[in-house]
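Engineer:
Numbering (UniProt numbering), first residue to last: 1 to 778.
1. Closest to residue 210 by C-alpha separation, out of 200, 194 and 188, would be which residue?
2. At the level of alpha carbons, what is the spacing between residue 374 and residue 45?
3. Which value, in whole angstroms, describes the spacing of the CA atoms of residue 239 and residue 270?
4. Determine the DSSP secondary structure at residue 659, reduced to helix, strand or coil.
5. Pull up the distance between the alpha-carbon of residue 388 and that of residue 119, whole angstroms please.
6. When the distance is taken between beta carbons, is residue 432 closer than 9 Å to residue 281?
7. Can you tell me which of 526, 265 and 542 puts its alpha carbon nearest to the alpha carbon of residue 292?
8. Count the other CB atoms within 10 Å of the CB of residue 143; is the residue buried (16 or more) or exposed (fewer)?
9. Would you kindly work out how many angstroms separate the C-alpha atoms of residue 563 and residue 440, rounded to a whole number?
10. Can you tell me whether residue 720 is buried or exposed, with buried defined as 16 or more other CB within 10 angstroms of its CB?
11. Let me confirm a value: residue 639 is counted as buried when at least 16 other C-beta atoms fall within 10 Å, else exposed. Which label applies?
12. Buried or exposed for residue 1, going by 16 or more other Cβ atoms inside 10 Å?
13. CB-CB under 7 Å to residue 190, same chain, minus the five flanking residues each way: which ones, in chain order?
14. Which first and last residues belong to the alpha helix (DSSP H) in which residue 452 is found?
15. If you drop the 5 nearest sequence neighbours on each side, which residues of the same chain put their C-beta closer than 8 Å to that of residue 93?
16. Can you tell me which of the three DSSP states residue 15 falls into?
17. I'd like to know whether the C-beta atoms of residue 400 and residue 664 end up nearer to each other than 9 Å.
18. With a floor of 4 residues, list each alpha helix (DSSP H) that falls wholly inside the region 285-331, ordered by position along the chain.
19. Measure from the alpha carbon of residue 621 to the alpha carbon of each residue in 492, 601 and 141, then state which is nearest.
20. Using DSSP's beta-bridge definition, name the partner residues of residue 24.
21. Taking the CB atoms as reference points, tell me whether residue 51 and residue 19 lie closer together than 9 Å.
22. Which of the three DSSP states, helix, strand or coil, is assigned to residue 372?
23. Is the beta carbon of residue 673 closer than 9 Å to that of residue 701?
24. Does the distance from the C-beta atom of residue 344 to that of residue 288 stay below 9 Å?
25. If you draw a straight line from the C-alpha of residue 296 to the C-alpha of residue 587, how long is it?
26. What do you get for residue 414, buried or exposed, if any count of 16 or more other CB atoms within 10 angstroms of its CB means buried?
27. Please tell me whether residue 785 and residue 580 are closer than 9 Å, where the distance is taken between their beta carbons.
28. Suppose you measure from the CA of residue 690 to the CA of residue 197; what does that come to, to the nearest Å?
29. Let's test the definition: count the other Cβ atoms within 10 Å of the Cβ of residue 478 and tell me whether it reaches 16, buried, or not, exposed.
30. Which residues bound the beta strand (DSSP E) around residue 555?
31. Decide yes or no for the touch test of the region 453-473 against the region 361-375: beta carbon pairs closer than 8 Å, at least 3 of them.
32. From residue 749 to residue 677, what distance separates their C-alpha atoms?
33. Measuring alpha carbon to alpha carbon, tell me which of 246, 327 and 110 ends up nearest residue 207.
34. Since residue 481 and residue 572 are thought to touch, with beta carbons under 8 Å apart, how far apart are those beta carbons, to the nearest angstrom?
35. Give every residue of the same chain whose Cβ lies closer than 7 Å to the Cβ of residue 335, excluding the five residues on either side of it in the sequence, and list them in chain order.
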């Protein structure tokens, strides 16, 4: 328990050594007054006072501490210093100026201190850290460090005193100001760390120390106050109020009181890294330390972001045993001290709008810390971050066409912030679904999985997929995604406001039946006003084009905007994935000559297998249950499937909505383009060569109308198409390779014919609804 000045610090101590941290004559005077009060309260207690040494910079003070620590093993040590609270009504400009040397409100100059005492004396507080006996501290020192002499012990006591005072101050400020201190000296002095270092050939303490400096991070209190201001600058163009689920926030707050956590977020934008600390600060939650690539540590941004809790890590560390070890121990130290970490579970930004497979690198270090017993559990907290719109979609569309990534730097940062202010991008949505327990998946610390690498990796994969699955389930479907999906299916044909609204209702009905989270903008699509607001927000090539001058305005997606619109469409596919597979499996069963029910199930599982590199699925048993639940909308569906193609078509016509063509067609078209390239390609064709050939063939297909649009002609889609081909063993030499490649292409073309069949029925539905609407209108 930490103590502040108003708590009875010396009630049980007979002999106490007070270690004071003083920066000015003003603070010395305040501490002297406080000590006089303590002596009056406890005349029976002997209170000695010593100034806390500043490491090796004050050898005389360190020598005095060494001497005092030898006096009595039962003596209590109490660290004390003056804490300066900032003004409660600081403006954004004042918060920004706090970064200027000499203007930090938590470290005022002596002149500023006197002014504070004169005008706002309540801002000055004397805080005392938790007391500890010399014998207790000495035992901790022997148990955890490699120290061997009294000076080492004095350094250890100094570090413990500083940390104790920090904890006392956090108690005043709140958990969002908690930050790791003295990480480098604590780790380097650790017996555990030194023992591991000796096992690495050529490793030195000095080199390890340089790496710890590179990893160093921390929340300066001024940067905590400023972080929301800086984040607002980066995310200008969005609504100032982030959309949270208050029940989820309350549940996470309770969970974080018990265990350290790793916040794993979905990653669509550079803004994500700024959203996380803002979300924690706004909800008065403990801060997180966000991992980022060292490529973002350019110019003054490196020091600024480090003071904002960012941990920069190197990208390529495969051959660097020392760096991997230092990073592993750094993560373990942060977890052991119950600080929270955060990074993108996908490892990098998704440039397609859908979630990427999870990366396990950093996760394995956290798992090692848990299995080593450095925490009795660690929570993996899923975080869904989504946006109504992003300006980065223009960049992603360029990548899809074969463009190259722009290197980060000041020019890039200027253009990014400038683009953010060019128009309104709607709202930011943050969701915190229930956390995943590491203990539940890995068993107790030091358990059997700790020494079984294969079992540990499998458990890590399952944990990571569970986190990603929870992120998807919590992500609210928004109007941008639904409208983009609808307009992409028309392949450039414009729709009126009434046509948009009528067609969207089936999707909204389905989402409500499935209890899928929806944003307010999606719920408003029930009304003409809500639809109009959605298409207006997306108009003028963002990515919807509004056509005026006729009897009424109409909206379309032009061919050059299809890749941008696809990003938004892809962000909602997870909500319609299984129902889309149902449609394709029904269409397949309709043209089979064998057991149609068996064909339905076989095709559903086959589609799941083909799409597994693009989407997250439940395990096989759960997937079958989900498909059966999807089919429950039709009474005695198996009998009707078995009855024949006409009955299956009737089922499809009655199904609302029909989504497969809108959601999944482009992925299979991309697969088919790659399959066409493989017909006469070398067995072990390289990734770059395959992509370039696929771009050429895809552009030909688009020009000839052999694919539905230019959207499947995408390097991003070809990357997963190549994974599908590799999974089918089509990229390795074999006697029957050419035959199997041809068979795979025929299979994909058959699936695309199923898309055509479902799309025709969907068009018939649309026409029938239009006729009905016109009749109703008179």
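Beta carbons: idealized from backbone N, C-alpha and C, even for Gly. Quantities reported herein were computed from a predicted structural model and do not represent experimental measurements.
Structural biologist: So, from the listed chains and residues:
1. 188
2. 38 Å
3. 17 Å
4. coil
5. 47 Å
6. no
7. 265
8. exposed
9. 41 Å
10. buried
11. exposed
12. Bear in mind that a pLDDT of 29 at residue 1, under 50, signals an unreliable position, so the number given afterwards is only what the model happens to contain. That one is exposed.
13. 144 and 145
14. Counting along the chain, residue 452 falls outside any alpha helix (DSSP H), and DSSP gives it neither H nor E.
15. Confidence at residue 93 is low in this model, with a pLDDT of 48, below 50, so its placement is unreliable and the value that follows should be read with caution. Contacts found: none.
16. strand
17. no
18. 301-306
19. 601
20. Partner(s): none; residue 24 has no beta bridge.
21. yes
22. coil
23. yes
24. no
25. 49 Å
26. exposed
27. What the structure shows of the chain is the stretch from 1 to 778, and residue 785 is not part of that stretch, so it cannot be assessed.
28. 44 Å
29. buried
30. 554-556
31. yes
32. 14 Å
33. 327
34. 4 Å
35. 260, 366, 369, 374, 375 and 378
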